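K.L.:
Just add 398 to wherever you are in the sequence shown, counting from 1, and you've got my numbering.
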Amino acid sequence: MSAVGDAHQLSALHRDSSGWALLRSDNAPLTISLLGRHFGDGVRSLPAPELFDLLDADLEALRDDGYDLPRSGQGYCSDWVRAGFLLRRASAASREEFIEPTEGTFAAIAFVAGLTSPISTVTESRLTTLATQLANLARDTDPSVETRLARLQAERDEIDRQMAAVRSGDFPVVDGDRALERSHEILSLASEIPGDFARVRASFDELNRTLRARILDEDSDRSDTLGDVFRGVDLIGDSDAGRSFTAFYDTILDASRSAQIDDAIGAVLDRPFARRLSSAERRSLRALLSDMENAAAEVHDTMTSLSRSLRHFVQSRAYEEHRRLQQLIRTAQQHARGVAQVRRPYDVLDLELIRVGMSLESVAALKPHNPADDRVVDQVEIHEPGVADLAELRQLVRESEIDFHELTDNIVATLHTRGRASVGDVLADHEATQGLASVVGLLVLAVRHGHPTADFEAVQWTSTSGVRRRARIVRHVYDPTAEEFRR
Numbered sequence: 399m400s401a402v403g404d405a406h407q408l409s410a411l412h413r414d415s416s417g418w419a420l421l422r423s424d425n426a427p428l429t430i431s432l433l434g435r436h437f438g439d440g441v442r443s444l445p446a447p448e449l450f451d452l453l454d455a456d457l458e459a460l461r462d463d464g465y466d467l468p469r470s471g472q473g474y475c476s477d478w479v480r481a482g483f484l485l486r487r488a489s490a491a492s493r494e495e496f497i498e499p500t501e502g503t504f505a506a507i508a509f510v511a512g513l514t515s516p517i518s519t520v521t522e523s524r525l526t527t528l529a530t531q532l533a534n535l536a537r538d539t540d541p542s543v544e545t546r547l548a549r550l551q552a553e554r555d556e557i558d559r560q561m562a563a564v565r566s567g568d569f570p571v572v573d574g575d576r577a578l579e580r581s582h583e584i585l586s587l588a589s590e591i592p593g594d595f596a597r598v599r600a601s602f603d604e605l606n607r608t609l610r611a612r613i614l615d616e617d618s619d620r621s622d623t624l625g626d627v628f629r630g631v632d633l634i635g636d637s638d639a640g641r642s643f644t645a646f647y648d649t650i651l652d653a654s655r656s657a658q659i660d661d662a663i664g665a666v667l668d669r670p671f672a673r674r675l676s677s678a679e680r681r682s683l684r685a686l687l688s689d690m691e692n693a694a695a696e697v698h699d700t701m702t703s704l705s706r707s708l709r710h711f712v713q714s715r716a717y718e719e720h721r722r723l724q725q726l727i728r729t730a731q732q733h734a735r736g737v738a739q740v741r742r743p744y745d746v747l748d749l750e751l752i753r754v755g756m757s758l759e760s761v762a763a764l765k766p767h768n769p770a771d772d773r774v775v776d777q778v779e780i781h782e783p784g785v786a787d788l789a790e791l792r793q794l795v796r797e798s799e800i801d802f803h804e805l806t807d808n809i810v811a812t813l814h815t816r817g818r819a820s821v822g823d824v825l826a827d828h829e830a831t832q833g834l835a836s837v838v839g840l841l842v843l844a845v846r847h848g849h850p851t852a853d854f855e856a857v858q859w860t861s862t863s864g865v866r867r868r869a870r871i872v873r874h875v876y877d878p879t880a881e882e883f884r885r
């Protein structure tokens, strides 16, 4: 690309990028500090009330240090949403609104983090990663059978040599400094993951808007986009971004692959060099797999939701109403363009418009809110705590739960007396103090520590209201050798 093309491209990026806008804003240091503080270590979104409270506490500390920050956390969040630094998203699981940084904000935070802790040299681990990726790319794109077999043979010979060295005990072990360097390289790559997921989600949102606009702009019901949706084609899932993310999502959810990553993280954290990592670095490394799985699940839900919404938009024929409304708006704009040639906005027209909608009333008819209406003026009555009665507490517990301890004692007593006991035998020897609950508890213990027979038996008990009850149940015999009944 020529210098002119580069200049135009960067000028557009300078105008449209939220990350660039954040870096050149007046309060960029404070904004990046606050957002980077709460959207780090795998945190991609927060409930709006929780974020407001966190920011209010930070703003109070900054004001005490001399910073002029007159607005509240909620006010600054509203400004950042309007500026494109944050996004508001509704949650299907709760009524709370969630707030998350945009792709550009993640990029700005990562850029500033690179300035505060730059990589001063080309590390060995980075060169190793580069060489490995190049070798894999050369191998996987090679169409020649002979060269691929030769490369595989060389790899097998190298593996055999390494296995022989391990058997002899003569193999290198990465020392603390080099292992620490590789750990930092892994964490550096992991820090880019939130921005990657934000970029994927933004691409899905943009693709959804583009598809809807294409459906509205195409005139015929037999249009390609509309026809694909009617035929059940998942345009979002089948897009380049959708296929790429689906491949990643399937990989991260693969049980064997996840187990390998989890085992590798546990092994690394158990190594002696891991003690030299900071607590935040160890925490980030330990949560690496779960953070990727959670973030991938959120993006997958977004992709699925957008696909379903687009399909419903078409199959419910709601697009026809939107298309009709768009045509009416364009027709009105065309008429307005013609009228603008002969009329001015301030011209008085001899036209009476019929007003529809809500009626306008005087300000004096409005009733102002009086904060004193919510004030509590009644005297607060203080109740002194009393002394708990153990017997009363036990009675309350017995009214809400089955007394398995009492039932177990009754079973043990019947086994000692009869040598063999069923539910009916225990009820014959001991009263069902909790009524039907005692019968249910005896059956539960019989299922856990006994076995059913082919016979039936009649059981009787007195309910808590004093009514005599009868029932016919499968005969269950308790196992006298069960650990529960050994007393």
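C-beta: ideal position from N, C-alpha, C; glycine also. Bear in mind the structure is a predicted one, so any value in this text is a computation, not a measurement.
May I ask you to report which of helix, strand or coil DSSP gives Thr-879?
P.N.:
Looking at Thr-879 - three-state DSSP - the assignment turns out to be coil, as it is neither helix nor strand.
K.L.:
If we require 4 or more residues per run, which alpha helix (DSSP H) segments fall completely within the segment 582-661?
P.N.:
Within the segment 582-661, the complete alpha helix (DSSP H) runs of at least 4 residues are 591-615, 622-628 and 638-650.
K.L.:
Whole angstroms is fine: what's the gap from Arg-487's alpha carbon to Phe-509's?
P.N.:
C-alpha separation (whole angstroms): 25 angstroms.
K.L.:
When DSSP builds the beta bridges, which residues end up paired with Gln-858?
P.N.:
Gln-858 pairs with Arg-868.
K.L.:
Is it right to say Tyr-387 is buried, meaning 16 or more other beta carbons lie within 10 angstroms of its own, or is it exposed?
P.N.:
As shown, the chain starts at 399 and ends at 885. That puts residue 387 outside it, with no answer to give.
K.L.:
Restricting to Cα atoms, I'd like to know which of His-849, Ser-703 and Ile-800 is closest to Ala-830.
P.N.:
When only C-alpha atoms are compared, the closest one is Ile-800.
K.L.:
Is there contact between the segment 781-793 and the segment 805-815, where contact requires at least three CB pairs shorter than 8 angstroms?
P.N.:
Segments in contact, no.
K.L.:
Specify the secondary structure class of Gly-839 as computed by DSSP and reduced to three states.
P.N.:
Helix at Gly-839.
K.L.:
I'd like to know whether the C-beta atoms of Arg-549 and Arg-537 end up nearer to each other than 7 angstroms.
P.N.:
Yes, the pair counts as a contact, with Cβ atoms nearer than the cut-off.
K.L.:
Comparing C-alpha positions only, which one of Ile-507, Leu-420, Val-564 and Phe-569 sits nearest to Asp-477?
P.N.:
Considering only alpha carbons, the answer is Leu-420.
K.L.:
Helix or strand or just coil, what does DSSP make of Phe-569?
P.N.:
DSSP places Phe-569 in coil when its eight states are reduced to three.
K.L.:
Taking the beta carbon of Met-561 as the centre, do at least 16 other beta carbons fall within 10 Å, making it buried, or is it exposed?
P.N.:
Result: exposed.
K.L.:
Excluding the 5 residues flanking Ala-577 on each side, which residues of the same chain have their C-beta closer than 6 angstroms to its C-beta?
P.N.:
Contacts found: Phe-671.
K.L.:
State the Cα-Cα distance for the pair Gly-839 and Thr-862, rounded to the nearest angstrom.
P.N.:
For Gly-839 and Thr-862, the distance between alpha carbons rounds to 15 angstroms.
K.L.:
So, for Leu-841: in the same chain, excluding its five sequence neighbours on each side, which residues have a beta-carbon less than 8 angstroms away from its beta-carbon?
P.N.:
The answer, listed in chain order, is Val-821, Ile-871 and His-874.
K.L.:
In three-state terms, what does DSSP make of Leu-687?
P.N.:
Correct three-state label for Leu-687: helix.
K.L.:
Between the Cα of Ala-653 and those of Asp-626, Gly-635, Ser-637 and Glu-691, spot the shortest distance and give me the residue it belongs to.
P.N.:
If we check each option's Cα against that of Ala-653, Glu-691 comes out closest.
K.L.:
Let's see if you can read the secondary structure: which residues bound the beta strand (DSSP E) around Ala-410?
P.N.:
Segment 401-414 is the alpha helix (DSSP H) holding Ala-410; no beta strand (DSSP E) there.
K.L.:
Taking the beta strand (DSSP E) that Arg-486 falls in, what are its first and last residues?
P.N.:
Segment 484-488, the beta strand (DSSP E) holding Arg-486.
K.L.:
Do three or more CB pairs link the segment 693-709 to the segment 590-605 at distances below 8 angstroms?
P.N.:
Yes: at least three Cβ pairs fall under 8 angstroms.
K.L.:
Check Arg-873 in the structure and name its three-state DSSP category.
P.N.:
Strand at Arg-873.
K.L.:
Below 8 angstroms, can you find three or more Cβ-Cβ pairs linking the segment 404-413 to the segment 437-447?
P.N.:
No: the two stretches stay apart, fewer than three of their Cβ pairs being nearer than 8 angstroms.
K.L.:
On the premise that Phe-483 lies in contact with Thr-503, defined as a C-beta separation below 8 angstroms, what is that separation, rounded to the nearest angstrom?
P.N.:
Correct: roughly 5 angstroms between the Cβ atoms.
K.L.:
For the segment 731-746 against the segment 632-641, do three or more pairs of beta-carbon atoms, one drawn from each stretch, fall closer than 8 angstroms, so that the two count as touching?
P.N.:
Too few Cβ pairs lie closer than 8 angstroms, so no.
K.L.:
Please state the DSSP three-state secondary structure of Ser-423.
P.N.:
Three-state DSSP puts Ser-423 in coil, outside helix and strand.
K.L.:
Ordered along the chain, which non-local residues of its own chain (more than five positions away) have a Cβ less than 7 angstroms from that of Gly-848?
P.N.:
Once the five neighbours on either side are set aside, the close Cβ partners of Gly-848 are His-874, Val-875, Tyr-876 and Asp-877.
K.L.:
Just curious, the beta strand (DSSP E) that Glu-887 is in, first and last residue?
P.N.:
With the chain represented from 399 up to 885, any question about residue 887 goes unanswered, as that position is not in the structure.
K.L.:
Does DSSP put Asp-466 in a helix, a strand or coil?
P.N.:
In the structure shown, Asp-466 sits in coil (DSSP, three-state: anything other than H, G, I, E or B).
K.L.:
Rounded to whole angstroms, what's the CA-CA distance from Arg-866 to Ala-856? Just pull it up for me.
P.N.:
Answer to the nearest angstrom: the Cα atoms are 13 angstroms apart.
K.L.:
Pro-592 and Arg-442: beta carbons closer than 7 angstroms?
P.N.:
Yes, they are a contact pair.
K.L.:
Is the beta carbon of Thr-623 less than 7 angstroms from the beta carbon of Arg-612?
P.N.:
In this structure, Arg-612 lies closer than 7 angstroms to Thr-623 by Cβ.
K.L.:
Return the Cβ separation of Ile-507 and Leu-433 in integer angstroms, given the expectation that the two are a contact with Cβ distance under 8 angstroms.
P.N.:
Indeed they touch by this definition, with Cβ atoms about 7 angstroms apart.
K.L.:
Among Glu-501, Asp-404 and Pro-570, which has the Cα closest to the Cα of Glu-590?
P.N.:
It is Glu-501 whose Cα lies nearest to the Cα of Glu-590.
K.L.:
Drop a sphere of 10 angstroms on the beta-carbon of Ile-780, count the other beta-carbons inside from all chains shown, and report buried for 16 or more, exposed for fewer.
P.N.:
Exposed is the call here.
K.L.:
Compute the Euclidean distance between the alpha carbons of Asp-424 and Asp-772, then round it to the nearest angstrom.
P.N.:
Near 40 angstroms, if we compare the C-alpha coordinates of Asp-772 and Asp-424.
K.L.:
For Ser-431, which residues in the same chain have their Cβ closer than 7 angstroms to its Cβ, ignoring the five residues on either side in sequence?
P.N.:
Excluding residues within five positions, none has a Cβ falling inside 7 angstroms.
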